[in-house]
Each structure stands twice: as C-alpha cells, then as structure tokens.
Amino acid sequence: MFFKKIKKASFLFLLTFFILPNSIFAYSEKIYAGGENIGIEIKSNGVLIVGSYLVDGKDLCKEANLEAGDIIVKVNGNQIDSIDQMVAIISSTNGGSVSISYMRDEKMYETELPVIKDKNNIYKTGLYVKDTITGIGTLTFVDPNTKRFGALGHEVADSKTGVMLEVREGKIFSSTVTSIDRSDTGTPGSKNADLHQNDEKGTILENTNSGIFGTYSDAYSKQQLYKVASPDEIKKGSATILTVTSNEKIETYEIEILKVTKEGDTLKNILFEIKDKELLEKTGGIVQGMSGSPIIQGDYIIGAVTHVVVNNPERGYGIFITTMLEEAEN
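In our numbering, the protein residues as written are 281 to 610.
Here it is as structure tokens:
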C-alpha cells in the first residue's frame, strides 16, 4: 500500500503457507531492524502501458487490442527493456505498423500496432508508457550475515494499472522526510521526502507480494539486533514501530497488538492500533511511506507495517517478519 507518488512515477500501494523452524532457513536468528526512510527505484523488464491517447482521431491502442497494464517485451522481434529502445526501433521504420509482443495476466500475446508519422516526422503510437518506478518506503531489516535486506512488506505496483513490475535492475538509496500529510478517516495521508539517488544503499533483486528484497551494500549498524519472532511467539498487547517522521531520525512509537492471524491474507497477519500521542499528533495515524516500518515486541522483531485501516487510520496491519525473511531467501 504505502508507496508514495514522486514526480513522474506513480506508486502506492494470499496463500496458505507452512511455518517451518528457523533452523531450516539461512537467515540469522538475530537481524538488524530498519526504520529509516528509503528511496526506491525499479527498472522493469519490458515497457508498461499506463494509458492511451488519440492520434488524428484514431484509437491506435484499441485497434491493436492493447490496454493499460500490458507489458511490451518485443518490438519487431527485438527484445526491449526501456522506452528508449522502443522509440529507437519504431523510429527506424517507415511507419505503417510494428509487431508487438506483450504480456497480460502472465500470458504472451502478439499484435500489430499502427504507427502514424506526423508533419514533424515524429512517430506516434497512441500509447503512454513507463519503464521505471521511483518512490519511498521504509527499510524493514538487514541480515548481518547474509547482507540481505527487506523493505515495504508488499509489492511495488503501478498505481494506475495495479501491475507489479518485474525487476530488471533496481536500487534503494537514502531519503529525507520533509513533511507529513496527515491521515484522516477515509483518506490516508503520506510522507513527503527528498530523494538522494547518489547515496545508494543496496541493490534490489526481487519485487514480490511480501516486499522488495536484495543485497545491502552499505555498512549497517544503525539499529540494534533483534531476535526473529515466530508467529507463535507474537502476543497481543504492547509493542512499538520504528519509523521516520522528520528528516532522517528513526523514532520509536507505541502501538498495541489487537489480533494475530496465521491464516488468510499473508500481508495482514498483525492488526494493531497506534497508542503514541506524539505520532497521532504528527500523522493522524498510519500514512503512506510507513510501509515496511519494523514492528518490535520486547527483544523480538515480529513484523512490518503494510496497510492502514482506511476508515480508522489509527489502526493498521502488519506482515510476519518470518514471511519476509523466507521470501528474501528465494
């Protein structure tokens, strides 16, 4: 959910599984809890269609049976990963049409896309496309032994189409929270931040339903080590979240765990309510950009914030930390 829209890119924001003992997995028994605000950039495999426009009164997208959410992977038989590659291939033709291979609902299709050359010799396809998503979120953990990191607790998806991008390459980098748009009943707020893309912290390898994962490349010892809690060790009652609400300082805020559920939506296993008056005053509740904020109970890291209850933004949901750690190994 909480993936903040930055500049030209859009973001926002179930499976039965078996809980296996930690000893079966490679992740450490103790991990660093995150909490810092991070910038995120993902470059996709292929080019995502996000909309269309008329060219000389013609709907070229409809003629080609293309629609928002389709991912173009080949043009005239040539594999493409970027808008620049797509434009170069189309510009090398004499107009008319180009063959398009595209993905929809994980299936491959072929079509012919009409291309119109205007009076300024510019080729027009009638498509609005993107190949990169940039935004902010919160770092959840860094494993001190494997250097794997996890963040967000949910996928990075285009807000217009809902399509989750497959990672061609990606990175996380530092960011500074500049202000907060407060949440209100029915309207989640958001963090606003400056991005520092030259201050790279890690490489993103996966974008999954359980979060983004990769290799942390910077030195990391900002937070203390916490034991990894299994779902059975999580209790209702007092807990805290770690997150940034101003500049780059990680703060600890009080919450109460209301319910722990091992079945159903794996992103909403922990229902909690914010009890910290300072956080409520600053934010009005959970806001976009808090996704991935670690949830701490005693000496344990138990999960990460993933969703807000829209009609009551003082409440939110979290994912089990074990779910994220297991996904980070794949």
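No residue lacks a Cβ here, since even glycine has one placed at the ideal position from N, Cα and C.
Quantities reported herein were computed from a predicted structural model and do not represent experimental measurements.
Annotation: T541 is outside any alpha helix (DSSP H) and is labelled neither H nor E by DSSP. Look at L432 here: in three-state DSSP terms it is coil, with no helix or strand label. Per DSSP, the unbroken beta strand (DSSP E) holding I311 starts and ends at 310-313. Of all alpha-carbon atoms in T418, V409, L605, the one lying nearest the alpha-carbon of L445 is that of V409.
As DSSP reads the structure, D461 sits in a beta bridge with S470.
For L393, the uninterrupted beta strand (DSSP E) run begins and ends at 387-397, by DSSP. S324 sits away from L432, with the two beta carbons spaced by 9 angstroms or more. Between E449 and T483, the gap from beta carbon to beta carbon is short of 9 angstroms. Rounded to the nearest whole angstrom, the CA to CA distance from K481 to V589 is 31 angstroms. With respect to the 9 angstroms criterion, Y597 and A509 are not classified as neighbours on the basis of their beta carbons. K557: member of the alpha helix (DSSP H) spanning 557-563, first to last residue. The Cβ atoms of L551 and T541 sit closer than 9 angstroms to each other.
Looking only at A499, R462, E392, the smallest Cα-Cα distance to N425 is reached by A499.
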